[in-house]
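> Going by UniProt numbering, the sequence shown opens with residue 1, and the numbers climb by one from there.
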Amino acid sequence: MTTTPILILSGMGKTGRRVVERLEQRDVPVRLASRSSEQRFDWYDEGTWTGAAAGVDTAYLAPPVGPTGLTQAGRFVKQAAAEGLRRVVLLSGRGVGSPEREFAVYESSVELENAVKESGAEWTIVRPAWFMQGFSEDFLLDYVLAGEVRVSAGTGGEAWIDTNDVGDVMAAAILDDSHSGQHYTLSGPRVLTIAEVTAELSAATGRDIRYVDLDPEQHVEELVGIGLPHEDAESVRDLFAVIRHHRSEYVSDDAVRAILGRAPRDFSDWARETAATGVWSA
């Protein structure tokens, strides 16, 4: 077992938090680097990058949203590798690297993946589907509590994945060098439209939750209205455009099954268990 700390960038996020939990359960030391951690780190302040990876062999990287943040993440990886970082496990997105390059939102993610591959460090790239926890831990939570999920996904579907499954895969990739040089595309076991998601949430919570399909530009306006920067709002719109154009309606759960030796969690099971925690009772 390694005694060298694992650098966790974005350790308070949905995946980073779970990766930390799994590493600590195995008594693997971690070094959190964020704006609020002891090791202060800011993607947009390069002065905080120096020393973040000092004495570290492996880093888990969950990049910020938006083209600017993704570009900064690529710059950091190149700098850290030059300073001695040996391995990077990168959280990317399902569809990144696809030959269907019709969605500009993927371009910055492709550039980041390439920066990681060209950094000189060993790498593992994990590309999960949309997280189920988006409805319980992210901005979609407010929509569920309000009874209206207002997004621009049209009638398209997504093979939603439990973030706990992603965390398990990430921990395995971090701790086992045999995953170096691999791309893993993760998903849950079935495709659901947003209308089907809201039906599942209604059944789990006993509340009336419906889907409101927004025009993409209206979606941007509403996201900006709740405080999201315009660039990030456009990135969210464009990610939903992938669903809207039916490009995410496929299951890719082979890697979960191969790495974890079990099937990924189904949305219905996740919704029932999450409802029992009271998160949607407010």
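For every residue, glycine included, the Cβ atom is placed at its ideal position computed from N, Cα and C.
Since we're looking at a predicted model, the values are computed, not measured.
Look at the alpha carbon of R75 and the alpha carbon of P5, and state the distance between them as a whole number of angstroms.
Distance between the alpha carbons of R75 and P5: 22 Å.
> For T15 and G167, which I take to be in contact (beta-carbon distance under 8 Å), what is that distance rounded to the nearest angstrom?
Going by Cβ atoms, the distance from T15 to G167 rounds to 6 Å, so yes, they are a contact pair.
> CA-CA distance, L23 and V30?
Distance between the alpha carbons of L23 and V30 is about 7 Å.
> Could you spell out the range, first to last residue, of the alpha helix (DSSP H) harbouring R190?
Careful: R190 lies outside any alpha helix (DSSP H) and carries neither H nor E.
> Got a sec, what are the start and stop residues for the beta strand (DSSP E) E148 sits in?
From DSSP, the beta strand (DSSP E) with E148 extends over E148 to V151.
> Whole-angstrom Cβ separation of G66 and S248, contact assumed at under 8 Å?
The pair is not a contact, with the Cβ atoms about 20 Å apart (cut-off 8 Å).
> Have a look at S36 and L7 and give me their C-alpha separation to the nearest angstrom.
Near 15 Å, if we compare the C-alpha coordinates of L7 and S36.
> What number of angstroms, rounded off, separates the C-alpha of G156 from the C-alpha of G51?
Straight-line Cα distance between these residues: approximately 44 Å.
> Mind checking who W130 pairs with in its DSSP beta bridge?
None; W130 has no bridge partner.
> CB-CB under 8 Å to E83, same chain, minus the five flanking residues each way: which ones, in chain order?
Within the same chain, E83 has close Cβ partners A53 and A54.
> Apart from the five residues on each side of it in sequence, which residues of its chain come closer than 7 Å, Cβ to Cβ, to R150?
Cβ within range, chain order: Y143, V212, L214 and E222.
> Does the region 119-129 come close enough to the region 259-267 to have 3 or more Cβ pairs within less than 8 Å?
These segments do not touch.
> Could you tell me whether the region 227-245 touches the region 175-187, where touching means 3 or more Cβ pairs closer than 8 Å?
Cβ pair count under 8 Å is below three, so no.
> Taking just the CA atoms, how far does A129 sit from residue 346?
In the structure as shown, the chain starts at 1 and stops at 282, and residue 346 therefore has no counterpart that could be examined.
> Can you give me the Cβ contacts of S152 inside the same chain, cut-off strictly under 8 Å, excluding the 5 residues immediately before and after it?
Cβ neighbours of S152 beyond the five flanking positions: D213, L214, D215, P216, Q218, H219, R237, F240, A241 and R244.
> Could you pull the start and end residues of the beta strand (DSSP E) that T68 belongs to?
No beta strand (DSSP E) contains T68, which is instead part of the alpha helix (DSSP H) from P67 to A82.
> Name the two residues that bound the continuous alpha helix (DSSP H) containing T274.
Element bounds for T274: F267 to A276.
> Please report the distance separating the alpha-carbon of A271 from that of G188.
When rounded, the distance between both Cα atoms is 13 Å.
> Which of helix, strand or coil does DSSP assign to E249?
Looking at E249 - three-state DSSP - the assignment turns out to be coil, as it is neither helix nor strand.
> From T68 to V89, what distance separates their C-alpha atoms?
Taking the straight line from one Cα to the other gives about 20 Å.
> Please classify E38: is it buried, with 16 or more other beta-carbons within 10 angstroms of its beta-carbon, or exposed?
Looking at its Cβ environment, which holds fewer than 16 other Cβ atoms inside 10 Å, E38 is exposed.
> Can you tell me the Cα-Cα spacing of S10 and L61, whole angstroms?
Taking the straight line joining both Cα atoms gives about 7 Å.
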